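Q: Chains as they are written, first to last, in the numbering used here: chain G, 33 to 341; chain C, 14 to 277. For glycine and all other residues, C-beta sits at the position ideal for the given N, C-alpha and C. Please read these numbers as outputs of a predicted model, since none were measured by experiment. Below is the structure I would like to discuss, written out as C-alpha cells.
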C-alpha cells in the first residue's frame, strides 16, 4: 500500500525567513503522526501545503496519492483540516456551524450525525450556544466535528491542543486515538513535547527543518549521552551549582527534578552519578538525589535544536 | 529558589509582606458564579502558580485582582490596596504580561520601554538607566532599535516580561507567558521569573505546561469557580498521593470540565 502522505524536499520562503527547509517524510495509512515543535518551526506552513491552501516554492508532496498542487480540487474533498486558529463562525451556534460545513461539502448534518456522534454527543448539550461562547476544549471539539463532517480519509490538525487545559487535552488525544483505531490517518502538530507519546511516529521540527523522525520511544532513546535526574532543595541555586560541574553538557529544570547530561560519552553512568553527588555535597547539597534517568522526547529536542532563538 | 541574592537596589515597598490577600472573593455574572468565595494569599517574593481548567474562573479572578472588574462579594487587597476602592493605585503597583499582547510590535524595544516608562511616570533619567540595564541584561542591545515584530518569539517574551517589571511592581501577573516558545527558551523564561522573585517581586503565573507548575513555590488549582487545592507542589502531591501535578490537575478538574457551563 502506498503512503498516505509523501513529502519530498519541501521548501517555502517568506521574505528572509526559511519557513520550510528540505522537509521530507512519509505517513503510512492508519498512522497517528505528530509534528512536534515550538511556534515558528514550520508546522503550520507544512500543513497548509498538505491541505492545498498554499503551494511550496520547490519540492513535492502527495496526499492520498494526489499531488497537492496539481490535484487540489480532488484532494480537498478527501481531506479534513483543522487550522491552528479557531476558524469557525463565532456568531453561529454549534449546530449552525456544523450545518454550514456539511453543506459546503454537499452533505447534511442529519446524514452524518451518526458518524460524528462519538464527538458531537459531547457538545450536543450546547448545540444552540454561539461558538464564541464555548470554552476552549469545547471549541476544539466543535472544530473537530466540522473537519470530520464530510468523512475525510485523512485528518490534518494544526495544534488542536494549544491553549486548552490539561484535561481537555487528554480528552482530545483520546478522541484522536479512537479515530486512528477506526482506521483514520491522522496528522497532527503540537508544541507540547509530552504529547509526542500519544503518536505512532513523530517528526521534531525546529526553524523549518525536521531534526528527528521516528517512533517516540526511538527518538527518546537516541539522545546518545548519559542523563541524570537530580533532586535537590533550593532548586535555583542547585541549578547554578550543577552548571559549574566541569563535565556538564546541559543542565535544565524538568518538572520537579533537574536533568543533567554529561559531555563524556565513555564514562559509566554510575561513576558520573557518584561524581555529581560528591560535587553537590561539596556545594552544600548533602542530601541531593542523583539517579540515571530515561531521556524524553523533550531532552532530545533540546539536544538537537542547537542555540535557542 | 534564589532568594539569597536579593538586590538591595530593588524596589518593593518596605513593610509589605503579602502581595495578594483574597478572602471569600466572589464574582457573579447573572445567575452564573464565575468565582465562588476564593481565599488565598501570595507572599512577597513568592512564585505562585494559578492553575485551572478553561472556564474555571482564573481569568475572572485575575481581572478582579488587577482592578479591572469589581467583585460581587468578599474582599481582596493587592499590593496593599483594596480592589473595590483603590483600583487605580493597584494598576500602578502591578505588572501584567499576557501571551497575546504585551508589546507594540511596530515599536523597537527602546521605544516600548520609553512608552511604558512614560505611562508609569518614570523620569527620563530612570527610563534611560533602566532601558540600558534591561537591554544589556537580556543581551539584546544590538537589536534595541529594530521593530519588535522582527525579533524571535522567545526574545519578545523575555522583553515583554522585563517591560512588565519596568516600574518595579510589587507583583506581576503572567498569563500563559511561555505558550508556543521552544523548550530551552521556556526554561530561560522561568529563570527570569526566579530572578525577579529573588529581588522581592511576587509572581502570579498561569500555564498549561504542567511541568512548569512544579517550578512554583506554591500553587492553586481552580475548579468550577472554587480553589480545589492549594499548597507547595511537593505537599500537594503527597497529600493527594499523585506522582505529578499533571495527574493531580486531571483528577481534580476532570469531572467539572465535561459539564462546565461557564463562559470561555
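Would you tell me roughly how many angstroms separate the C-alpha atoms of residue 364(G) and residue 147(G), rounded to the nearest one?
A: Any question about residue 364(G) goes unanswered here, given that chain G covers just 33 to 341.
Q: Run through DSSP, which three-state label would residue 383(G) get?
A: What is shown of chain G runs 33 to 341, which leaves residue 383(G) out entirely.
Q: How far does the alpha helix (DSSP H) with residue 125(C) in it reach, from first residue to last?
A: Per DSSP, residue 125(C) belongs to the alpha helix (DSSP H) from 122-132.
Q: Measure the beta-carbon distance from residue 325(G) to residue 244(G) and round it to whole angstroms, keeping in mind my assumption that it falls under 8 Å.
A: Incorrect: roughly 19 Å between the Cβ atoms, too far for contact.
Q: Counting pairs of Cβ atoms below 8 Å between the region 117-125 of chain G and the region 159-179 of chain G, do you hit three or more?
A: Touching, yes, given that three or more Cβ pairs across the two stretches are closer than 8 Å.
Q: Taking 7 Å as the CB-CB cut-off, is residue 115(G) touching chain C?
A: Not closer than 7 Å to any Cβ of chain C, the Cβ of residue 115(G) fails to qualify, so no.
Q: Nearest by alpha-carbon distance to residue 253(G): which of 240(G), 132(G), 331(G) and 100(G) is it?
A: Here the closest residue by C-alpha is 331(G).
Q: Where does residue 252(C) fall in DSSP's three states?
A: Residue 252(C): helix per DSSP, three-state reduction.
Q: Fully enclosed by the region 195-261 of chain G, which alpha helix (DSSP H) runs are 4 residues long or longer?
A: Entirely contained in the region 195-261 of chain G, the alpha helix (DSSP H) runs reaching 4 residues are, in chain order, 198-213 and 248-253.
Q: For residue 36(C), report the span of its beta strand (DSSP E) as first-last.
A: Residue 36(C) -> beta strand (DSSP E) spans 31-42.
Q: So that I know if they touch, is there some Cβ in chain G lying closer than 7 Å to that of residue 42(C)?
A: So, not an interface residue.
Q: Rank 129(G), 101(G), 274(G) and 337(G) by C-alpha distance to the C-alpha of residue 313(G) and give the top, closest one.
A: Of the listed residues, the one whose Cα sits closest to residue 313(G) is 274(G).
Q: How many angstroms separate the CA atom of residue 99(C) from the CA atom of residue 80(C)?
A: Straight-line Cα distance between these residues: approximately 8 Å.
Q: By the three-class DSSP mapping on this structure, what secondary structure does residue 117(C) have?
A: The answer is coil: DSSP assigns residue 117(C) none of H, G, I, E or B.
Q: Closest by CA to residue 249(G), which one among 46(G), 240(G), 229(G) and 267(G)?
A: That would be 229(G), whose Cα lies nearest to the Cα of residue 249(G).
Q: Just to make sure I have the definition right: I need the residues of chain G whose C-beta is within less than 7 Å of the C-beta of residue 160(C). Which are they?
A: Those do not exist, as residue 160(C) stays about 14 Å from chain G at its closest Cβ, beyond 7 Å.
Q: In angstroms with no decimal places, state the Cα-to-Cα distance between residue 231(G) and residue 38(C).
A: Cα-Cα distance, rounded: 42 Å.
Q: Going by C-alpha to C-alpha distance, which of 267(C), 162(C), 148(C) and 195(C) sits closest to residue 198(G)?
A: It is 267(C) whose Cα lies nearest to the Cα of residue 198(G).
Q: Does the distance from the C-beta atom of residue 190(G) to that of residue 116(G) stay below 7 Å?
A: Yes, these two residues count as a Cβ contact at 7 Å.
Q: Does any residue of chain G have a CB that is nearer than 7 Å to the CB of residue 277(C)?
A: The pLDDT assigned to residue 277(C) is 37, lower than 50, so where the model puts this residue is not dependable; a value taken from the coordinates is nonetheless given after this. Cβ-Cβ to chain G under 7 Å: yes for residue 277(C).
Q: Tell me, to the nearest whole angstrom, how far the beta carbon of residue 68(G) is from that of residue 236(G); I am working on the premise that it is less than 8 Å.
A: Indeed they touch by this definition, with Cβ atoms about 5 Å apart.
Q: By DSSP, does residue 331(G) sit in helix, in strand, or in coil?
A: In the structure shown, residue 331(G) sits in a helix (DSSP, three-state: H, G or I).
Q: Measuring only the C-alpha atoms, how far is residue 283(G) from residue 232(C)?
A: Straight-line Cα distance between these residues: approximately 25 Å.
Q: By the 10 Å Cβ neighbour count, where 16 or more other Cβ atoms means buried, how is residue 299(G) classified, buried or exposed?
A: Under this definition residue 299(G) is an exposed residue.
Q: For the region 126-203 of chain C, which segments carrying the beta strand (DSSP E) assignment without a break, of at least 3 residues, lie completely within its bounds, in sequence order?
A: You should have 184-188.
Q: Between which two residues does the beta strand (DSSP E) holding residue 293(G) run?
A: Unbroken beta strand (DSSP E) run through residue 293(G): 289-294.
Q: Helix, strand or coil for residue 267(C), going by three-state DSSP, please let me know.
A: Residue 267(C): helix per DSSP, three-state reduction.
Q: Residues of chain C with CB under 8 Å from residue 8(G), in chain order?
A: Residue 8(G) cannot be examined here, being either before or after the span of chain G that is shown, 33 to 341.
Q: In or out: residue 132(C) buried (at least 16 other Cβ within 10 Å) or exposed?
A: Looking at its Cβ environment, which holds fewer than 16 other Cβ atoms inside 10 Å, residue 132(C) is exposed.
Q: So within the region 95-180 of chain G, which uninterrupted beta strand (DSSP E) runs reach at least 3 residues, ignoring any that extend past its ends?
A: Listed in chain order, they are 111-114.
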